[in-house]
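Asker: Please read through the structure below; I'll follow up with questions.
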Amino acid sequence: MAKMQENFESHDDHSLRRVPDSDKRSMWQVLVVRLGFFACVSQLMLGATLGYGMPFWDAFWAVMFGSVILQIIGFGIGFAAAKEGLSTALLTRWSGFGNIGSLLIGLVIAISLTGWFGVQNGVFALGIYEATNMFNVQIWSVITGLGLTLLVVFGFKVLSYTANIALPLFLAAVGIAAYKLLATADIGSLLASPAPGTALPMGVAITMVTGGFVVGVVTTPDISRYVRTWKDVFWMTAISTFVGELSICLIAVLMAHVVKSPDVVTIMLSLSGWIGASIVLFSTIKTNDLNLYSSSLGLTNSMNIFFKKNFNRVTMTIVVGLFGTFMSVVGILDKFIGFLVLLGVVIPPVVGIVIVDYFILKRSRAVLDESRRNNELPKQCESWNPISIVAWIAGFAVGYFVTDIGVSSLNSLVASGVVYYICMKLFGSAITINKVETGISITKVDTGISK
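Start counting the sequence shown at 1; every next residue gets the next number (the numbering used here).
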């Protein structure tokens, strides 16, 4: 048992502490993990939908503008995380939300990403069943869910190995299918051709681009904490966003114009054969493992705040992995997709508040700077900040109800940041915010295992 506890602690991935300089990675190693998240089947489906409803150049500008938004968000919060060496949920404790707000954020991230882990695991299992015609979907859901949970238990190192294998294979499969489909097409005509389907408004298209991946961007700190400099963060976010988002989407846009259908994924799989289908299917792993990884970090943070003791990320990975697998096995996740989408609207306002508090108001920068010199966390943080909660709710309301102006996810992010800044300037000095102990011990971690 003692040996197992030691192994658990070795794979904790600094879930409740700063990533030390000795554990930082090269920009390219972190880039591959993030690029693997962006370059996926969902991007092909998104690009095909845009291509079916828009001329190429309209789709290009929709993807470009959406990618710029994602880049700005990812770089802003990613830079803060790289400097402090903290995950998303942990960073929010000293970026406006305090203990209680951070607990809520950790839970929202954990529930949202565990839910999407279960949804994608179900799709993955269905694909394997249809390809092999062996066992049944439920058995495959158990096998794939537990297998992926086991991978994520070993942390960032295995995420990197997985992405290094799956990403090149996925890009090769997409390249082969795209070449077969576009080799005989007149590219000039495709670039000038009208939308083959029902017209898609520009605002809706940009919202689709940003909304589909904004939750993933919000959890950028979970991997950007491993890079060393702001330049690493910039290139890591820029390359992954513009290569993973822009290039994959635009290839799918052209393919949709060729086949006059949004269902280019099915067509692409038929063109690249069984091997290509398997590669694309298994590339889901490199996206879903990050869902589970960020979910475990969020839950670890929340459990620490609630119980006032350290919990190991490995234990939390097993918990959320088993839960997500169970949900995919019993087949009830489809009924919760609407709820998961709603949680996706809840998360973007968090970034607006974090960026304003960390970069503009700098309310906790002094204690963060002082503790960082010793590679520790501040001993205290705010209990909670009512203004950040109000701004969070305001941002959510704007994103949820204001759907006919601008981009919903961006609206919510900007609204929360503006409301937070104004209210802190007007009322910040008039309210008393208590400080509490963080509840994070330096060495002791509860793995859930008796010695």
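Ideal Cβ placement from N, Cα and C applies to all residues, glycine included. Keep in mind that this is a model prediction, so the values were computed, not measured.
Could you tell me whether the Cβ atoms of F117 and N291 are closer together than 8 Å?
Answerer: Numbered from 1 along the sequence shown, position 117 holds the residue referred to as residue 117. Numbered from 1 along the sequence shown, position 291 holds the residue referred to as residue 291. Yes.
Asker: Among the residues of its own chain, which have a CB less than 7 Å from the CB of V32, if the five just before and after it don't count?
Answerer: Counting from one through the sequence shown, the residue named residue 32 turns up at place 32. So the list reads S160, A163, N164, L167, once near-sequence residues are dropped.
Asker: Excluding the 5 residues flanking F234 on each side, which residues of the same chain have their C-beta closer than 7 Å to its C-beta?
Answerer: Numbered from its first residue, the sequence shown carries residue 234 at position 234. Closer than 7 Å at the Cβ level, and outside the excluded window around F234, lie F75.
Asker: Closer than 8 Å is the cut-off here; do at least three beta carbon pairs connect the region 169 to 178 with the region 70 to 88?
Answerer: Cβ pair count under 8 Å is below three, so no.
Asker: Does the contact criterion of 3 or more C-beta pairs under 8 Å hold for the region 315 to 329 versus the region 113 to 128?
Answerer: Cβ pair count under 8 Å is three or more, so yes.
Asker: In terms of DSSP beta bridges, what is E382 paired with?
Answerer: To locate residue 382, count along the sequence shown from 1; it is residue 382. According to DSSP, E382 bridges with K435.
Asker: If you count every other CB in all the chains shown that lies within 10 Å of the CB of L426, and 16 or more means buried, which is it?
Answerer: In the sequence shown, counting from the first residue as 1, residue 426 sits at position 426. L426 comes out exposed.
Asker: Have a look at L126, N312, I105, D289 and flag the residue whose alpha-carbon is nearest the alpha-carbon of L150.
Answerer: Walking along the sequence shown from the start, residue 150 turns up at place 150. Out of L126, N312, I105, D289, D289 has the C-alpha closest to the C-alpha of L150.
Asker: Between the alpha carbons of V152 and T438, how many angstroms are there, rounded?
Answerer: In the sequence shown, counting from the first residue as 1, residue 152 sits at position 152. In the sequence shown, counting from the first residue as 1, residue 438 sits at position 438. One C-alpha to the other measures close to 26 Å.
Asker: Going by beta-carbon coordinates alone, are K24 and Y293 separated by less than 8 Å?
Answerer: Counted from its first residue, the sequence shown places residue 24 at position 24. Counted from its first residue, the sequence shown places residue 293 at position 293. No, they are not a contact pair.
Asker: For A183, count neighbouring C-beta atoms within 10 Å of its own C-beta (all shown protein chains included) and say buried if the count is 16 or more, exposed if not.
Answerer: Within the sequence shown, the letter at position 183 stands for residue 183. So A183 ends up on the exposed side.
Asker: Suppose the cutoff is 6 Å on Cβ atoms and the five residues either side in sequence are ignored; what does the same chain contact list for T49 look like?
Answerer: Locating residue 49 in the sequence shown gives position 49, where the first residue counts as 1. Excluding positions up to five away in sequence, the list reads P262.
Asker: Give the straight-line distance between the Cα atoms of W140 and G406, rounded to the nearest whole angstrom.
Answerer: To locate residue 140, count along the sequence shown from 1; it is residue 140. To locate residue 406, count along the sequence shown from 1; it is residue 406. Looking at the two C-alpha atoms, the distance is approximately 42 Å.
Asker: Cα separation between N312 and S283?
Answerer: Position 312 of the sequence shown, counting from 1, holds the residue named residue 312. Position 283 of the sequence shown, counting from 1, holds the residue named residue 283. Cα-Cα distance, rounded: 28 Å.
Asker: Quick check on the DSSP output: the alpha helix (DSSP H) that includes A82 runs from which residue to which?
Answerer: Position 82 of the sequence shown, counted from the first residue, corresponds to residue 82. Counting along the chain, the alpha helix (DSSP H) containing A82 begins and ends at 56 to 84.
Asker: Apart from the five residues on each side of it in sequence, which residues of its chain come closer than 6 Å, Cβ to Cβ, to T207?
Answerer: Residue numbering aside, residue 207 sits at position 207 when the sequence shown is read from its first letter. Here the set comprises V407, S408.
Asker: Three or more C-beta pairs under 8 Å: does that hold for the region 89 to 99 against the region 342 to 360?
Answerer: At 8 Å Cβ cutoff, the stretches touch.
Asker: By Cβ distance, which residues of its chain are closer than 8 Å to W57, with the 5 residues on each side in sequence left out?
Answerer: Numbered from its first residue, the sequence shown carries residue 57 at position 57. Closer than 8 Å at the Cβ level, and outside the excluded window around W57, lie L191.
Asker: Taking Cβ positions, are L410 and I69 nearer each other than 8 Å?
Answerer: Indexing the sequence shown from 1 puts residue 410 at position 410. Indexing the sequence shown from 1 puts residue 69 at position 69. Yes; because the gap between Cβ atoms is below 8 Å, this pair is in contact.
Asker: Tell me whether the beta-carbon of S388 lies closer than 8 Å to the beta-carbon of P378.
Answerer: Taking the sequence shown and counting its residues from 1, the one referred to as residue 388 is at position 388. Taking the sequence shown and counting its residues from 1, the one referred to as residue 378 is at position 378. No; because the gap between Cβ atoms is not below 8 Å, this pair is not in contact.
Asker: Residue range of the alpha helix (DSSP H) that L16 falls in?
Answerer: Here residue 16 refers to the residue found at position 16 of the sequence shown. First-last for L16: undefined, no H or E at that position.
Asker: Expressed to the nearest angstrom, what Euclidean distance is found between the alpha-carbon atoms of A238 and A185?
Answerer: Position 238 of the sequence shown, counted from the start, is the residue given in the question as residue 238. Position 185 of the sequence shown, counted from the start, is the residue given in the question as residue 185. The alpha-carbon atoms of A238 and A185 are separated by roughly 31 Å.
Asker: Report the three-state DSSP secondary structure of E6 (helix, strand or coil).
Answerer: For this step, residue 6 is matched to residue 6 along the sequence shown. In this prediction, E6 scores a pLDDT of 47, lower than 50, which makes its location untrustworthy; the coordinate-derived value is nonetheless stated afterwards. Of the three classes helix, strand and coil, the one that applies to E6 here is helix, per DSSP.
Asker: Ignore the nearest five residues each way along the sequence and tell me which others in G85's own chain have a CB closer than 6 Å to its CB.
Answerer: The count along the sequence shown starts at 1 and reaches residue 85 at position 85. Result list for G85: R18, V19, R225, in chain order.
Asker: Helix, strand or coil for F124 per DSSP?
Answerer: Taking the first residue of the sequence shown as position 1, residue 124 is located at position 124. Looking at F124 - three-state DSSP - the assignment turns out to be helix.
Asker: Output the boundary residues of the alpha helix (DSSP H) element that contains V474.
Answerer: What the structure shows of the chain is the stretch from 1 to 451, and residue 474 is not part of that stretch, so it cannot be assessed.
Asker: In terms of residues, what are the limits of the alpha helix (DSSP H) holding Y420?
Answerer: Start at 1 with the first residue of the sequence shown, and residue 420 comes out as number 420. Segment 408 to 427, the alpha helix (DSSP H) holding Y420.
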